Structures are given as structure tokens and as C-alpha cells.
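In what follows, a structure is listed as C-alpha cells, so that the remarks can point back to it.
There are 2 protein chains.
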Amino acid sequence: MSNHIKKIKLSLVLLATVAVLAGCGNLQNSGLSDGESGSNTNSKTSNYQITGTTDGTQYSALLSNGKYKVSATRGLLTDQNANKFNISSFESGLTTLSKTEFSPKKYAFQEGQHISRTTANNWLARQSKSNPEGLNPVDNGKTDPSTRNPIYLQDILEQDYLVRKGNSYQLGGVAIGLGMNKVDNYRKEKYGAVYKTTISETAREQQAKSIAEKILSRLRQKKALANVTIVFGLYEQGEDDSLVGGTYFATAVSKSGTNIDQWNTVNEKNAVLPVVNNEKAINDGDSDSFDNFKSKVQSFFPNLSGVTAQVHYKDNKLAGMNIKITTQFFGENEIRSFTQYTDTAATQYLPAGIPIEITISSVEGMQAFLNRDSGDKTFYTHVFGSY
Amino acid sequence: MSNHIKKIKLSLVLLATVAVLAGCGNLQNSGLSDGESGSNTNSKTSNYQITGTTDGTQYSALLSNGKYKVSATRGLLTDQNANKFNISSFESGLTTLSKTEFSPKKYAFQEGQHISRTTANNWLARQSKSNPEGLNPVDNGKTDPSTRNPIYLQDILEQDYLVRKGNSYQLGGVAIGLGMNKVDNYRKEKYGAVYKTTISETAREQQAKSIAEKILSRLRQKKALANVTIVFGLYEQGEDDSLVGGTYFATAVSKSGTNIDQWNTVNEKNAVLPVVNNEKAINDGDSDSFDNFKSKVQSFFPNLSGVTAQVHYKDNKLAGMNIKITTQFFGENEIRSFTQYTDTAATQYLPAGIPIEITISSVEGMQAFLNRDSGDKTFYTHVFGSY
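For the record, the sequence lines run as chains A and B.
The first sequence: position 196 = 196 (the UniProt record's numbering), numbered continuously.
The second sequence: position 289 = 289 (the UniProt record's numbering), numbered continuously.
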């Protein structure tokens with residue numbers, strides 16, 4: 001899950017030109033309208049553009065009238081998530097799952113346009129007389145953590161994938177992410193104490209699969225979605241007080257119809273380093289590597305404050321690290337020297353072969369960053385400057 | 001003035017090993033101690049290390065006992081500068097000037113260790129009976145902007161450059177930056193209104209050169225500095241309310257003795273785009289390019305807020321741009337798409353062949369950044385992620 005957009009090359013051609021090349025079947029030749037049409041912003045011919053070209057590992061996004069088409073549920077994820085890391089990993093994880101079915105070489109990305117904000121809110125609420133569409137269980141009147149019906153479904157996310165058809169784009173597929181609670185935080189009365197219902201893995205999985213089938217039936221009733229491929233991703237929400245987001249645990253593809261025949265397990269884990277409170281690290285070797293890096297980096301300045309990492313595991317193997325270093329700086333050369341030092345220490349101590357992002361910040365914001373993509377041997381380093 | 005540290009390769013060898021290779025005459029083979037000495041932190045043999053290796057265009061910094069040796073005047077620049085951009089450009093500009101005399105291939109960097117904070121404060125103050133060393137003129141008792149003696153010298157900066165000598169490092173040269181006021185802001189009484197004395201270019205230059213010779217004489221009296229090469233850089237401070245820092249306007253080298261025979265002019269300018277209040281851009285073509293980029297980028301989102309740039313000119317040619325984009329985001333894919341779009345627009349509209357840094361931030365901090373170094377054709381792009 002690399003965070004960086006590589007480009008092999010960048011071709012900037014008017015869509016008018018692209019139309020001539022229609023049929024070439026991928027997105028490599030389109031780009032932004034170069035603005036020659038001046039004030040004719042309503043010109044029909046430039047209605048479709050994409051954000052840019054990629055090397056085929058990342059999606060280009062479709063623009064509508066030169067503007068980014070925001071999600072029909074824009075802001076919903078922010079509202080539903082006390083843990084901000086969920087917002088990012090829920091979204092980017094669904095995009096990653098989608099790549100298997102909708103190759104970025106052929107498909108362009110667009111935020112979900114088919115589930116409205118009202119619909120999403122109704123679906124996320126409990127089922128009731130006034131809300132028969134609610135996908136969470138009815139309120140059974142109980143307030144005890146173990147006897148009440150918890151909120152299983154916390155989030156819904158739609159992503160659309162489009163293919164070029166002559167001079168425009170057509171919906172080619174949809175991906176639906178379901179954010180399932182591991183713990184449901186609730187209050188017995190407004191502003192009262194927060195209680196927690198813990199949801200078992202079995203219950204979470206069972207509920208998620210059943211909800212996915214209900215959603216599939218509803219989506220198939222929409223004319224635009226009746227025959228497109230729909231990818232489902234089931235996501236376990238990171239807990240509210242966690243310093244990492246959650247992970248996807250299952251995925252399925254529906255080519256047509258309203259049944260999901262097969263679910264595939266996704267084996268991912270997120271955690272934070274250093275481990276605290278005698279917790280056990282997912283992998284002791286990785287944890288030791290990080291500790292060595294951390295103490296090396298912390299020896300640089302007398303008053304260095306924090307070095308923490310988010311670690312991501314896939315099929316029980318370390319698949320990425322995001323390291324945050326916070327410290328105080330008094331000048332450009334201190335930052336520059338510290339960045340160089342961090343580069344050396346990271347290359348020396350951190351596990352090889354996995355993507356690693358390191359940010360270095362002070363109270364004034366980010367001062368420098370280092371990044372190594374999967375497969376790279378050295379870090380790209382950058383110190384933010386000014387004139 | 002590239003802000004990024006390129007590495008050709010990274011060799012991590014104990015200094016003990018380096019000692020064997022002594023005499024190889026450059027820094028390429030040294031690195032961090034790998035920590036094998038464990039708790040023996042006082043071991044004399046590992047007293048000197050450098051932060052890492054570079055491609056020879058940037059300095060490595062010398063570490064002392066594994067720690068960064070902070071400046072003897074640490075924090076002084078922050079105290080003296082209402083305009084924070086001065087701190088960065090004053091420092092990095094002096095380092096750039098130093099490269100001509102002290103090649104990064106041969107010299108390592110260390111923060112200035114020979115002018116103490118007390119000395120610097122005395123030098124920066126007015127000359128008086130109690131402070132005979134003051135380098136700013138005596139208080140002539142007048143308070144009128146045009147008749148009073150202004151504060152000419154606002155800042156002093158020392159940087160040290162070291163060369164390896166067998167198993168340790170020796171001082172090889174010193175660079176001294178003098179931050180000269182263009183405008184001296186002062187108060188007639190404590191907490192009173194702020195008045196401004198504008199200092200002419202001629203007066204600024206004359207004062208700076210005279211102060212530099214005084215400082216040279218004083219430094220030559222120190223045993224450690226009696227015979228080393230001393231580089232001077234004269235810097236015009238950016239004004240307090242400016243959105244860019246100042247620039248260097250002259251430089252000189254003293255190999256020995258207490259006289260400066262020759263000053264060389266440095267022709268640099270900083271400015272902000274877009275131009276406002278009917279001000280004139282330094283170069284209309286560059287300003288137009290930026291405006292085109294800006295309006296293209298602003299068309300992406302309905303509610304995009306700000307696109308501004310710092311531009312840097314050297315010998316009347318555009319030598320760099322630092323662009324800040326601030327906007328609101330609701331998700332990872334919005335940021336990712338916007339970054340891709342910005343990449344395409346920057347490549348299409350911004351001047352080629354110069355270093356350009358673009359940061360994209362929301363209220364939550366930096367979300368993405370793009371960077372193109374001098375000589376590169378494409379932008380490196382990175383979206384900050386999390387797990």
C-alpha cells in the first residue's frame with residue numbers, strides 16, 4: 001500500500017485529441033484540458049477529463065466539468081469516526097481491494113454517486129417502524145452491555161469505477177465497504193457515561209455478510225447498478241481510542257444477481273510501536289528493530305520528544321511502517337542534519353523491503369520527511385524549505 | 001538551492017573501521033557508530049561521527065559523542081526575527097555561500113561554536129560605555145525616524161566547517177553571516193507605537209562592510225580562528241511583515257589577516273505571488289505562469305481556499321518556487337486525486353528547469369507534497385498516509 005504516485009511519463013493532451021485515439025483502451029493518453037477553450041466553460045466536449053496519468057498502480061480520478069465530483073455522502077466518514085485513522089484506512093483499503101477487479105490501467109476512480117447521504121444515514125440507523133431500511137438491529141429496550149442489541153454497522157462507503165466509452169465514461173463497477181464495530185460505544189442517557197458492548201468476531205462476520213447481501217439486493221434494484229460488478233469489503237473498525245485504524249477482514253465479488261456465493265478472507269493487522277503496558281508485539285523482531293532505531297534517533301538531540309510507529313501486517317508479514325518523530329528545532333541546519341541522521345539510522349535499523357514513511361515535525365508543523373517505497377533500497381528525503 | 005538531500009549510496013561503517021581507511025580524504029566512508037559499544041558512551045574512539053553521507057552537494061554534519069552539537073547561540077535567530085522566513089533563508093543562504101570555499105566533499109558542517117550567546121548579544125547591542133563591543137551605533141538621544149541612529153546589524157550567524165585529520169576533525173573554516181536591517185522598527189517608549197527608520201542601500205552596505213572588518217579583527221584574536229579561512233556573507237533582512245525572507249547581497253573571503261580586500265556582489269531577490277495591490281512582479285512571464293497554475297488548481301474543488309508562492313531570483317532569473325496550497329479535504333481519495341491533478345497542472349503551467357516545492361495542507365496539517373529538483377523533469381509526489 002504505497003502512498004506515493006509514481007509516473008512513468010506524463011502526457012498532456014486535449015481530450016479532443018484523445019477522442020481521435022479512442023479505442024486504445026487505457027487512460028495513458030488523456031489529461032487535463034489545457035484551458036485553450038478559455039471562457040467557454042460550458043463547452044460539452046470537455047465535460048470529461050481525468051486528474052492525470054499514473055503508472056497503472058494507482059487510479060486516475062474522473063473530473064466532471066473540470067471539477068472533482070465529491071462523494072454523495074461526503075463528510076459521513078468523518079461524522080461516524082471518533083478514530084480519524086479509520087477514515088483513511090477504510091477508504092484506501094477499499095481502493096486497494098478494488099484493484100483486483102477493476103485494474104487502474106482500465107478504470108478511472110470516482111467517489112460514490114449512487115448511495116445518497118440520506119439513504120446511508122437510514123441504513124446505518126437501527127431498524128424501526130419509522131426506518132424499515134435500517135441495517136442495524138431493532139432496539140430491544142435493554143441497556144445492559146451484554147443483553148442489548150449493539151450497533152454492528154458503523155460506516156458505509158461507496159466507490160465508483162468508470163471505463164471510457166468513446167467520448168465519455170461509463171460506470172464499470174462499484175465497491176462497497178462496510179465498517180463493522182469491534183466495540184460499540186453507547187450511552188444509556190444523553191451526556192451520560194460511555195458503556196461498551198464488545199462484539200465477537202463470529203457475530204461481526206455473520207452480521208457483515210448478512211448486511212452485505214441486503215445491500216446487494218437494494219443496489220441491484222437501481223437501474224444503473226443492475227448489471228455492474230459490485231465488490232464488497234468488510235472492515236473491522238479501529239477502536240475509538242486506538243492510534244491506528246482498522247483493517248479489512250473479508251471481500252467478495254458479485255458479477256450479477258443478489259446472492260454472494262463466496263467470501264475470501266483478508267488477513268491484515270495494524271498496531272502501534274513501541275509496545276506499552278506489557279502488551280505483546282505482533283512480531284518481536286520488528287519491534288526490536290524499531291526500538292533500536294528509536295533509541296538511536298533519540299540520542300541525537302538532548303531534548304527529542306517522541307518517536308512512534310504505525311505498523312501494518314498482511315498475511316502475518318510486516319507490510320509497512322509509518323513513523324512519526326516530533327521534536328523541537330531552532331534552525332534549518334539542525335533539521336537538515338537530523339534528517340540525514342534519521343536516514344542513516346533508518347537504513348541501518350529498520351526492516352528492509354517494506355514501504356516506510358517517516359515524518360519529522362515540530363510544533364510549527366512538518367519540517368522534513370523520508371519515504372521508501374516497496375522495492376526501493378534508499379529513502380527519498382526532503383526538508384521543507386522557504387525563501 | 002535544492003531542499004532535498006540526494007544520496008548516491010549509503011555506507012555504514014564503524015568509525016573504528018574508518019580509522020583504518022584514514023587518509024582517503026573525503027567523508028564517503030564514515031557513518032554512524034552502529035551502537036556495538038553499548039553503554040560505553042564515554043569511549044574516546046567513537047567521539048566523532050557524521051550524520052550520514054551525501055552526494056557531495058550537501059554537507060554532512062559532525063556529531064560529538066553521538067549527539068548533535070547545537071549552536072553556541074542556539075535560539076538567537078528566533079529571538080531576533082519577527083519574520084520567521086529570515087531564520088531559514090539567513091541560515092541556508094550562508095551554507096550555500098560557504099560551499100564555494102568549503103566543498104561538502106571535503107568539509108563537514110557544525111553549528112558555530114566560537115561566538116558565545118553573550119558575545120553575540122553584546123555585539124548586536126548599541127555601543128555604549130557599558131558595552132564598548134557593541135557594533136550598532138551609539139544612541140544619539142534622538143527619537144525621530146530620520147535623525148536617530150538606527151540599528152543596522154540585526155543578526156549574527158556563525159557556521160563552522162571541519163576537515164578530518166586522522167581519527168578526528170579539525171576546524172577548517174568559519175562562515176559569518178551578518179543580518180542587516182532594511183527597515184529598523186523601534187518604539188519611542190515601552191509598549192508604545194512602532195516607528196520605522198528606513199535604511200538606504202548605501203548606508204546598509206557601508207555599515208555591513210565596516211562591521212565585518214571589526215568582527216574579522218576580533219575573531220583573528222581567538223587562537224582557534226587566527227589562521228583559518230573566514231567567509232563573510234552580508235544579508236538584507238526580510239521585513240517583519242513580509243511573507244518571504246531576505247537575501248544575501250555580498251560575500252567576501254579572508255584567508256588570513258584582519259583586512260577584507262574584495263567584496264563580491266550577490267544578486268538575489270525573493271518575492272510573493274500572486275502580486276497584490278497593483279505591485280509589479282519581478283518577472284511578468286513567471287507571474288502569468290503562476291496565475292494560470294493557480295486558477296487551474298482552484299477550479300478543482302468548489303471551496304478551495306489558498307494558492308500562494310514564494311519565488312526566488314538569482315541574477316535576475318527565476319531560481320526556485322515554494323508553493324503552498326491550503327484547502328479542506330474529506331478523505332484520502334480526494335487528497336490523492338487532487339495531488340495527481342496538481343502534478344499535471346504544475347508540469348503543464350509552471351516554468352521548467354527550476355526547483356519547485358508544492359505543499360498541500362488542510363487544517364489538520366500537511367496532506368501531500370510535490371517536489372521537483374533542479375534538472376528533474378517530473379515531480380516526486382507523496383500523499384501522507386496512515387494505517
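The C-beta atom is built at its ideal place from N, Cα and C for all residues, glycine as well.
What you are looking at is a predicted structure, and each value in this text was computed from that prediction instead of being measured.
query: Within 10 angstroms of its Cβ, does B:E201 collect 16 or more other Cβ (buried), or is it exposed?
result: exposed
field: Segment limits, beta strand (DSSP E) that includes B:I323
entry: K317 to T326
query: Expressed to the nearest angstrom, what Euclidean distance is found between the alpha-carbon atoms of A:F384 and B:S361?
result: 13 Å
message: Between A:K106, A:L157, A:I230 and A:D55, which has its C-alpha nearest A:V70's C-alpha?
response: A:L157
query: So does A:Q127 have its beta carbon nearer than 7 Å to some heavy atom of the ligand MG?
result: Of ligands this structure carries none, so the ligand MG is not represented either.
message: Which same chain residues end up closer than 6 Å to A:N122 when comparing Cβ atoms and leaving out the 5 residues on each side of it in sequence?
response: N131 and E133
field: Candidates B:L304, B:F330 and B:D343: closest to A:G75 by CA position
entry: B:F330
Within chain B, partners of A:Q310 - CB distance below 8 Å: S386 and Y387
- prompt: Do the CB positions of A:G320 and A:P351 come within less than 8 Å of each other?
  reply: no
message: Would A:Y68 and B:E334 be called neighbours here (beta carbons separated by less than 8 Å)?
response: yes
message: Strictly under 8 Å for the Cβ-Cβ distance: is B:M180 near chain A by that measure?
response: no
Where A:R148 sits in the DSSP three-state scheme: coil
- request: Leaving aside the five residues before and after B:Y59 along the sequence, list all residues of the same chain whose C-beta is less than 6 Å from its C-beta, in chain order.
  value: P104 and F109
query: Alpha carbon to alpha carbon, how far is B:K296 from B:H382?
result: 20 Å
- request: Please check if any C-beta of chain A sits within less than 8 Å of the C-beta of B:V307.
  value: no
- prompt: Is the stretch 113-122 of chain A touching the stretch 267-276 of chain A in the sense that three or more CB pairs, one from each, lie closer than 8 Å?
  reply: no
message: My output table needs one value for B:A82: the three-state DSSP class, helix, strand or coil.
response: coil
- prompt: Does any CB atom of chain B fall closer than 8 Å to the CB of A:G257?
  reply: no
field: Pairwise C-alpha distance: A:T143 and A:T247
entry: 29 Å
message: I need the DSSP call for A:A61, collapsed to helix, strand or coil.
response: strand
query: So, using beta-carbon positions, are A:E357 and A:K314 closer together than 8 Å?
result: no
- prompt: In terms of residue numbering, what span does the beta strand (DSSP E) encompassing B:R74 cover?
  reply: Counting along the chain, B:R74 falls outside any beta strand (DSSP E), and DSSP gives it neither H nor E.
message: In this structure, how does DSSP classify B:T143 when only helix, strand and coil are distinguished?
response: coil
- prompt: For A:K244, which option in A:S89, A:G52, A:D55 and A:T54 has the closest C-alpha, if you only look at C-alpha atoms?
  reply: Before going further, note that residue 244 of chain A is Val rather than Lys in the sequence given. Considering only alpha carbons, the answer is A:S89.
message: Quick check on B:E213: does DSSP put it in helix, strand or coil?
response: helix
message: 8 Å is my cut-off, CB to CB: does B:D343 come that close to chain A?
response: yes
task: Counting only the same chain and skipping the five closest in sequence on each side, list residues whose C-beta sits under 6 Å from that of A:T359.
output: K324, M366 and F369
- prompt: What do you get for A:D261, buried or exposed, if any count of 16 or more other CB atoms within 10 angstroms of its CB means buried?
  reply: exposed
Close-in-space but distant-in-sequence residues of the same chain around A:L318 (CB under 7 Å, 5 per side omitted): N283, D286, V311, P351 and I354
Under the three-state DSSP convention, the category A:T308 falls into: strand
For B:K269, the three-state DSSP class (helix, strand or coil): strand
Cβ separation of B:T51 and A:Q340, assumed to be a contact under 8 Å, to the nearest whole Å: 4 Å
- prompt: Taking only beta-carbon atoms, is A:A61 less than 8 Å away from chain B?
  reply: yes
Residues that B:A175 bridges to, as DSSP identifies them: B:Q159 and B:V231
query: Who are the Cβ neighbours of A:N371 in its own chain at under 6 Å, not counting the five residues just before and after it?
result: E357 and Y380
message: Using the three-state DSSP reduction, which class does B:F300 fall into: helix, strand or coil?
response: coil
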